[in-house]
Amino acid sequence: MRITHTLLAVLAALSLAAGASEPPAAAAPAAAAAAAAAAPKALSSTADHSKFKELQQSFKSGPEVTKACLSCHTEAARQIHKTKHWTWEFVNPENKQKLGKKHVVNNFCTATPSNEKFCASCHVGYGMENAKTFDYTSETNVDCLVCHDTTGAYKKLPGLAGHPTYKDIEFPAKSGKIAKAVDLPKVAQNVGKTSRATCGACHFYGGGGDAVKHGDLDSSLKMPAKYLDVHMDAKGLNFSCATCHATQGHNIPGSRYTPTGKAEDTAHMRGKENKGNPATCQSCHGAAPHKAKERLNTHTDKIACQTCHVPQYARGNNPTKMSWDWSTAGKLGPEGKRMTIKDASGHHDKYDSNKGNFTYEGDVVPEYAWLNGKVRYTLLGDPVNTQGVTRINEYYGSASDGQSRIWPLKVFRGKQPYDLDTKSLLVPHTAVGYGEKDDSGYWANYKWDAALKAGAAAAGQPFSGKFDFVATEMSWPITHMVAPKADALTCTQCHAKDGRLHAIKGVYIPRRDANGMLDLVGWLLAAATLLGVGIHGGLRVYLGRKG
Amino acid sequence: MLKIVGSFVAGIAFTGVLAWNMAGGLMFHEHLSPFGVEETVARIQQNIQVAGKGWALAGLRFPAKAVQADGGNALPVIMVEACSTKYSGPILNEDSVKYLSILMPCKISVYKKNDGKTYIGAMNAGLMGQMFGPLVGEIMKEVAADQAKFIIMDPSKPTPQIIYPKAAGGGAGGGGGSGC
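Chains A and B supply the protein sequences, listed in that same order. Under the working numbering, the first residue of the first sequence is numbered 5, with each subsequent residue one higher. Under the working numbering, the first residue of the second sequence is numbered 1169, with each subsequent residue one higher.
Below is the structure:
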């Protein structure tokens, strides 16, 4: 009893002491804030850039910041110079096609020639007004901040040739909205590793807006939930883009210009062995990842992981653009001004005078095709198919080449201008630089002739003056937005008559490829067996009774 | 005699199994929509609004969002709810069939399947109504006729926009419409 009393007394004393030590409720937030302010910054890096004297300057321009960065990171710019993020150029080793943003045409905004001041908001450099004349040897024109900003305040606005704004400006022009000047010292002193936000600043917004281009990359991946991507799940594994796109010397692996159709079959340690593209599922998971359901491992030789594990794309509540018809652009509103018309959701335009008609879709079921990693683009000067659909890019692959897997694709369909004489695609000059007056820009005057003439001149291609619009398709392999395994495709979604893989040729898929005659023979055999068993059993009963 | 009784019982059993298997398909019907999920919903809402006879939008629900919120994935499903007091009133005033209030408001479901196409699913109100006596049968017959008009997709009409109920709170919810 005495012990109990003693314990109770001690507990009471402790609780009183605890109560006495608590600050008044109202004072708690202030105290916490003061403590947080006094506490040193919790950095995962070994360097606090805000303490570097080189960065404690009142920078007036991006190149000034780069100069400071290069005083320590001496090789960074030269590394960047070798990447397609800088050169906008990539030569396909397979067919020697010159690709990269400097050369390719797509069926979204089409191409960069004549539009660089606008497009260069996604160039890792400053001052790209013309991709042909830009100084690719300049080190200080490399933009370190666009990839290494951690504040989220660094924005490169379209029309400024790759520069952020250094003063407060009205943006878009005549909108009444003010874009604040970037606080360069603050951004420079807070640089760090790349993140989903920095990569996403361009890759989530490709094609002219959030979720427009890729379908499996949009702003919902900045802080995704597990349902959207098991690897990037912000409360789970929290992968950054660079976790998979493991970078060496600023060269980032994983590109649709040289996709890996059939990855190495064994998991490997990144950075320790060079066994191919680290941005593949197999580089971590190997080729036999299904421990509980080994039957599934027999599929991995022919089916890309993404086919089952990315059941739909554009799942993050951001519908992706699925078609774009340039041929209807240029219709103006009642006052002769640009007009937009919303789609059924009320959230996206289905028509814009600047661009024509669009369609958007969320939770899109992919199309599927064999991919072996080889791809050919329709470039400026290449002939188009005026009687059918021109493929902007054509991925190769087949069931029999031993190099292919079945991949999910976003197939983007559009109509875009081509020259009636040369029968090749044309580049419209659409956007003009910020604050500039340029009558040839389509978005300024809605004159196709002038826009196509200016675009052709910038691209160095002939323009006959006669043009029309041709139907095009462009494919985008789907690889992000990996769903939890419980949401992967089930067997019957492919093994069915009209299942997901109904269009895949060259491989026998049970149930999909059922043969009516074979099935009938099978059922007849089963029926005959049953009948035989019945007769046999009946005879035994009958003869048994008869004795 | 045994053969006759046996055959009779076997016939009843066969009919029972057949009815059991077919009942689900008879109670509900499904149609392919030429439009995407959102446009289909918007067009159904527009049809309901011009239907007259007291019909009004009663809500919009997003059951697949609840699956997302719980960490999973489901293809989009949007349920359009509509109600007409002209039809609901007599049923709600009759004690013997008041339990049918659990079927209110009328729902039309719009969803995407794994083939990437959009479908419209609805209850076969006419057939179901016949199971609950003449009062309900007559009302549901008219409801079924109206429902058939709700799901007419006329591509010649311009695309309307979805009407989101003011009380919609995101997630799976989204009731709070008017009408009933």
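Note that CB positions come from ideal geometry on N, CA and C, so glycine has one too. From a predicted model like this one, the values you see are computed outputs, not experimental measurements.
| Asked | Found |
| --- | --- |
| Counting only beta-carbon atoms, is residue 488 of chain A nearer than 9 Å to chain B? | yes |
| Quick one: measure Cβ to Cβ for residue 186 of chain A and residue 209 of chain A, integer angstroms, because I've assumed they're closer than 8 Å. | The Cβ separation is near 18 Å, so there is no contact. |
| Does the beta carbon of residue 223 of chain A sit closer than 9 Å to a beta carbon anywhere in chain B? | no |
| Let me know the secondary structure DSSP gives residue 209 of chain A once reduced to three states. | coil |
| Under a Cβ-count criterion, where at least 16 other Cβ atoms within 10 Å of its own Cβ denotes burial, should residue 446 of chain A be classed as buried or exposed? | buried |
| For residue 1280 of chain B, which residues in chain A fall below 8 Å Cβ to Cβ? | 367 and 369 |
| Could you pull out every unbroken alpha helix (DSSP H) segment of at least 4 residues lying fully inside the region 47-75 of chain A, listed in chain order? | 66-74 |
| Sort A:169, A:80, A:301 and A:283 by Cα distance to residue 291 of chain A and report the nearest one. | A:301 |
| Please report the residue range of the beta strand (DSSP E) in which residue 374 of chain A lies. | 371-375 |
| Could you tell me whether the Cβ atoms of residue 1246 of chain B and residue 1218 of chain B are closer together than 9 Å? | no |
| For residue 462 of chain A, which residues from the same chain have a beta carbon less than 6 Å from its beta carbon, with the 5 sequence-adjacent residues on both sides left out? | 117 and 118 |
| Would the beta-carbon of residue 249 of chain A be found less than 8 Å away from any heavy atom of the ligand SAM? | This structure lacks the ligand SAM, and indeed carries no ligand of any kind. |
| How would you write the range of the beta strand (DSSP E) that residue 1201 of chain B sits in, first residue to last? | 1196-1201 |
| Determine the direct distance from the alpha carbon of residue 1198 of chain B to that of residue 264 of chain A, and round the result to whole angstroms. | 41 Å |
| Tell me which residues of the region 1222-1246 of chain B have at least one Cβ-Cβ distance to chain A shorter than 7 Å, keeping chain order. | 1236, 1239, 1240, 1241, 1243 and 1244 |
| In whole angstroms, give me the CA-to-CA distance for residue 493 of chain A and residue 1184 of chain B. | 35 Å |
| What separation, rounded to the nearest whole angstrom, lies between the Cα atoms of residue 86 of chain A and residue 255 of chain A? | 8 Å |
| Against chain B, which members of the region 288-317 of chain A pass a CB distance test of less than 7 Å? | 315 and 316 |
| Kindly indicate which residue of A:523, A:432, A:499 and A:349 has the alpha-carbon position closest to the one of residue 512 of chain A. | A:499 |
| Over the uninterrupted beta strand (DSSP E) stretch that includes residue 472 of chain A, give me the two end residues. | 471-481 |
| Can you give me the C-alpha to C-alpha distance between residue 1276 of chain B and residue 525 of chain A, rounded to a whole angstrom? | 43 Å |
| Give the secondary structure of residue 1236 of chain B by DSSP, where H, G and I count as helix, E and B as strand, and everything else as coil. | helix |
| State yes or no: is the beta carbon of residue 1203 of chain B nearer than 9 Å to at least one beta carbon in chain A? | yes |
| Are the region 357-372 of chain A and the region 383-397 of chain A touching by the rule of at least three beta carbon pairs closer than 8 Å? | no |
| In whole angstroms, what separates the C-alpha of residue 415 of chain A from that of residue 325 of chain A? | 10 Å |
| Applying the 10 Å Cβ sphere with the 16-neighbour rule, what's the burial state of residue 543 of chain A? | exposed |
| When burial is assigned at 16 or more other CB atoms within 10 Å of the CB, is residue 99 of chain A buried or exposed? | exposed |
| Beta strand (DSSP E) containing residue 1226 of chain B: first to last residue? | 1223-1229 |
| Name the residue from A:163, A:523, A:124 and A:227 whose alpha carbon lies nearest to the alpha carbon of residue 90 of chain A. | A:124 |
| Given that residue 1328 of chain B touches chain A, what residues does it touch there, using C-beta distances under 8 Å? | 348 |
| Residues in the same chain with beta-carbon distance under 7 Å from residue 200 of chain A, minus the five sequence neighbours each way, listed in chain order, please. | 225, 226, 236, 244 and 245 |
| For the alpha helix (DSSP H) that residue 151 of chain A lies in, which residues bound it at each end? | 149-152 |
| I want to verify the contact list: residues of chain A whose CB lies under 8 Å from the CB of residue 1284 of chain B, in sequence order. | 368 and 369 |
| When we look at the beta-carbon of residue 1176 of chain B and count the other beta-carbons within 10 Å, is it buried (16 or more) or exposed? | exposed |
| State whether the region 1193-1211 of chain B contacts the region 1278-1298 of chain B, with contact taken as three or more CB pairs (one from each stretch) at a distance under 8 Å. | yes |
| Using 9 Å as the limit for Cβ to Cβ distance, is residue 1207 of chain B near chain A? | yes |
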